[in-house]
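Step one of this worksheet: look at the structure below.
Protein chains: 2
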Amino acid sequence: MHKLEHVLPADIEKTSFRMIGEELAERKIEVAPELAPVIYRVIHTTADFEYAETMAFSGNVMQQALDIFSRGPLIVTDTTMVYSGINKRALEALGGEARCFIADPEIAAEAKARGVTRSTAAMERAMREERPTVFAVGNAPTALISLYEGIQKGYRPALVIGVPVGFVNVVQAKEMIMETDVPWIVNRGRKGGSNVAAAVCNAILYQLGDDPRF
Amino acid sequence: MHKLEHVLPADIEKTSFRMIGEELAERKIEVAPELAPVIYRVIHTTADFEYAETMAFSGNVMQQALDIFSRGPLIVTDTTMVYSGINKRALEALGGEARCFIADPEIAAEAKARGVTRSTAAMERAMREERPTVFAVGNAPTALISLYEGIQKGYRPALVIGVPVGFVNVVQAKEMIMETDVPWIVNRGRKGGSNVAAAVCNAILYQLGDDPRF
Chain A
21 MHKLEHVLPA DIEKTSFRMI GEELAERKIE VAPELAPVIY RVIHTTADFE YAETMAFSGN
81 VMQQALDIFS RGPLIVTDTT MVYSGINKRA LEALGGEARC FIADPEIAAE AKARGVTRST
141 AAMERAMREE RPTVFAVGNA PTALISLYEG IQKGYRPALV IGVPVGFVNV VQAKEMIMET
201 DVPWIVNRGR KGGSNVAAAV CNAILYQLGD DPRF
Chain B
21 MHKLEHVLPA DIEKTSFRMI GEELAERKIE VAPELAPVIY RVIHTTADFE YAETMAFSGN
81 VMQQALDIFS RGPLIVTDTT MVYSGINKRA LEALGGEARC FIADPEIAAE AKARGVTRST
141 AAMERAMREE RPTVFAVGNA PTALISLYEG IQKGYRPALV IGVPVGFVNV VQAKEMIMET
201 DVPWIVNRGR KGGSNVAAAV CNAILYQLGD DPRF
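Line order of the protein sequences matches chains A and B. Letter by letter, the first sequence follows residues 21 to 234 in our numbering. Letter by letter, the second sequence follows residues 21 to 234 in our numbering.
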């Protein structure tokens, strides 16, 4: 009745990426080879080709990202959904670690004691880490704004993946990060999400390790 | 420099939903009142208005969904990201529980022993539950296909939230579920995702409980 395509489970991802490449060509959208792993994986996770035209990258960021990830960074996420979506096995194989401070009971206590939001307390906690730190923000523009304020005060994240989604202060928060001189990967506009933040992390991870994939 | 809107954290969601309503009106898209909580929350989580035209609902499904959720169902998710995104506090307040069997070591062992995929073993495990069960599928079309096969053999899920995303067998798997006579909420086409699956669950949860919100 419904013609299911007979694709082996192991080949589904490869087939999907080939289809994405063909459809980008049909739409006459060109993607720079070094950005393709990130852009293809974001489209793979959203089925939304608009990302090919809105994803933005600071100069030389892919080389910087591969370098940072190869040394096993701390990845701080704004939500547990982004944390869940990151391939921890691949990250740990490189010596890295993912954390979502907002879920820590001590952060909730600190936020309450200081009269700030949990998001702010969590970002300030992350900026106290001495390890090279990647920020993967898929939901909260307030997290990006706290990070921007830290950067203005001299804090230097190793990489900012800024892809929150939404209607209030999302566009502005992304533009603020894009004006800094830290390495960033941002999706311009209102779209993004926890799935997109995790996809960007995984796209970088999958180019490293023993068995690189697109 | 960047004009941030001064919206109190507690009002961001309300402001976003008002903006979504205004933009739907501008686009002359009408949303049935009983479906609005789900459709608005999916747009809120994706910033993608296409969902207003592709989300599909079986007859009377919202009334059935509210009835099922009010009695505290088991919600089975296909991935840990969907599990992460569901508001467990709201679900547990109604006496419900969320599970993601695919992450269980015993499911991995069963899949290996039987020579089936983990996704299939996890869905078959879920269909052995005697409690009323809601399925929230945000990623794996194979999970929906296993569920369809179970339904053909007489299994009756309480509700199927079928919103996997992707390029291979995703459209077909959704159409198969839409032809069954079980209650379903599906997003037609290739789009969907773990964020969308969690948003649908939360939209239903937030209409119940002591402090209903849109």
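Ideal Cβ positions, reconstructed from N, Cα and C, are used throughout, including at glycine. All values reported here derive from a predicted model rather than from experimental measurement.
What does the alpha-carbon distance come out to for the pair residue i and residue j?
| i | j | result |
| --- | --- | --- |
| residue 35 of chain B | residue 188 of chain A | 8 Å |
| residue 69 of chain B | residue 102 of chain A | 23 Å |
| residue 194 of chain A | residue 218 of chain A | 17 Å |
| residue 31 of chain B | residue 126 of chain B | 44 Å |
| residue 91 of chain B | residue 116 of chain B | 7 Å |
| residue 55 of chain B | residue 71 of chain B | 12 Å |
| residue 60 of chain B | residue 225 of chain B | 14 Å |
| residue 231 of chain A | residue 89 of chain A | 15 Å |
| residue 53 of chain A | residue 46 of chain A | 17 Å |
| residue 176 of chain B | residue 83 of chain B | 17 Å |
| residue 170 of chain A | residue 147 of chain A | 8 Å |
| residue 210 of chain B | residue 75 of chain A | 20 Å |
| residue 33 of chain A | residue 27 of chain A | 10 Å |
| residue 203 of chain B | residue 179 of chain B | 5 Å |
| residue 96 of chain B | residue 141 of chain B | 13 Å |
| residue 156 of chain A | residue 190 of chain A | 15 Å |
| residue 121 of chain B | residue 98 of chain B | 8 Å |
| residue 152 of chain B | residue 73 of chain A | 44 Å |
| residue 16 of chain B | residue 105 of chain B | In the structure as shown, chain B starts at 21 and stops at 234, and residue 16 of chain B therefore has no counterpart that could be examined. |
| residue 199 of chain B | residue 22 of chain A | 11 Å |
| residue 220 of chain A | residue 44 of chain A | 19 Å |
| residue 79 of chain A | residue 201 of chain A | 10 Å |
| residue 51 of chain B | residue 29 of chain B | 27 Å |
| residue 42 of chain A | residue 42 of chain B | 36 Å |
Return the Cβ separation of residue i and residue j in integer angstroms, given the expectation that the two are a contact with Cβ distance under 8 Å.
| i | j | result |
| --- | --- | --- |
| residue 207 of chain B | residue 183 of chain B | 5 Å |
| residue 114 of chain B | residue 149 of chain B | Contact flag wrong, Cβ pair sits at about 17 Å. |
| residue 108 of chain B | residue 123 of chain B | Not a contact, Cβ separation roughly 15 Å. |
| residue 154 of chain B | residue 181 of chain B | 7 Å |
| residue 192 of chain A | residue 24 of chain B | 6 Å |
| residue 185 of chain B | residue 66 of chain A | 7 Å |
| residue 110 of chain A | residue 229 of chain A | 6 Å |
So which residues of chain B does residue i contact, with C-beta pairs closer than 9 Å?
| i | result |
| --- | --- |
| residue 208 of chain A | Going along chain B, no residue has its Cβ under 9 Å from residue 208 of chain A, so there is no contact; the nearest lies around 12 Å. |
| residue 57 of chain A | Correct list: empty, because the minimum Cβ distance to chain B is about 17 Å. |
| residue 200 of chain A | Those do not exist, as residue 200 of chain A stays about 12 Å from chain B at its closest Cβ, beyond 9 Å. |
| residue 35 of chain A | 187, 188 |
With 16 other CB atoms within 10 Å as the buried threshold, where does residue i fall?
| i | result |
| --- | --- |
| residue 167 of chain B | buried |
| residue 159 of chain B | buried |
| residue 132 of chain B | exposed |
| residue 144 of chain B | buried |
| residue 129 of chain B | exposed |
| residue 215 of chain B | buried |
| residue 57 of chain B | buried |
| residue 165 of chain A | buried |
| residue 49 of chain B | exposed |
| residue 161 of chain B | buried |
| residue 174 of chain A | exposed |
For residue i, which residues in chain A fall below 7 Å Cβ to Cβ?
| i | result |
| --- | --- |
| residue 125 of chain B | Within chain A, no residue comes near residue 125 of chain B; the closest Cβ sits about 14 Å away, beyond 7 Å. |
| residue 32 of chain B | 188 |
| residue 97 of chain B | In chain order: nothing, as chain A lies at least about 10 Å away. |
| residue 78 of chain B | Result: empty, since nearest Cβ-Cβ is about 17 Å, beyond 7 Å. |
| residue 166 of chain B | Those within 7 Å of residue 166 of chain B in chain A number zero; the least Cβ separation is about 12 Å. |
Show which residues of chain A have a CB atom less than 8 Å away from the CB atom of residue i.
| i | result |
| --- | --- |
| residue 23 of chain B | 192 |
| residue 157 of chain B | Chain A residues near residue 157 of chain B: none, gap ~14 Å exceeds 8 Å. |
For residue i, which residues in the same chain have their Cβ closer than 6 Å to its Cβ, ignoring the five residues on either side in sequence?
| i | result |
| --- | --- |
| residue 40 of chain A | 60, 63 |
Residue i versus chain A: which residues are under 9 Å apart at the beta carbon?
| i | result |
| --- | --- |
| residue 27 of chain B | 188, 189 |
| residue 40 of chain B | 187 |
Could you work out which residues of chain B lie near residue i, taking near to mean beta carbons separated by less than 7 Å?
| i | result |
| --- | --- |
| residue 100 of chain A | 104 |
Tell me which same chain residues have a C-beta within less than 7 Å of the C-beta of residue i, skipping the five on either side of it?
| i | result |
| --- | --- |
| residue 77 of chain A | 55, 205 |
| residue 227 of chain A | 57, 86 |
| residue 37 of chain B | 60, 64, 234 |
Counting only Cβ pairs nearer than 8 Å, list the residues of chain B close to residue i.
| i | result |
| --- | --- |
| residue 173 of chain A | Within 8 Å Cβ-Cβ: nothing; residue 173 of chain A doesn't reach chain B, min ~16 Å. |
| residue 68 of chain A | 68, 211 |
| residue 222 of chain A | Neighbours of residue 222 of chain A on chain B: none; closest Cβ ~12 Å, over 8 Å. |
| residue 65 of chain A | 185, 213 |
To which residues of the same chain is residue i closer than 8 Å at the C-beta, ignoring the five residues directly before and after it?
| i | result |
| --- | --- |
| residue 137 of chain B | 131, 162 |
| residue 81 of chain A | 179, 203, 204, 205 |
| residue 139 of chain A | 98, 122, 160, 162, 163, 166 |
| residue 134 of chain A | 141 |
| What residues in the segment 107 to 138 of chain A bring their beta carbon closer than 7 Å to a beta carbon of chain E? | Judged by its chain identifiers, the structure shown contains no chain E, and its protein chains are A and B.
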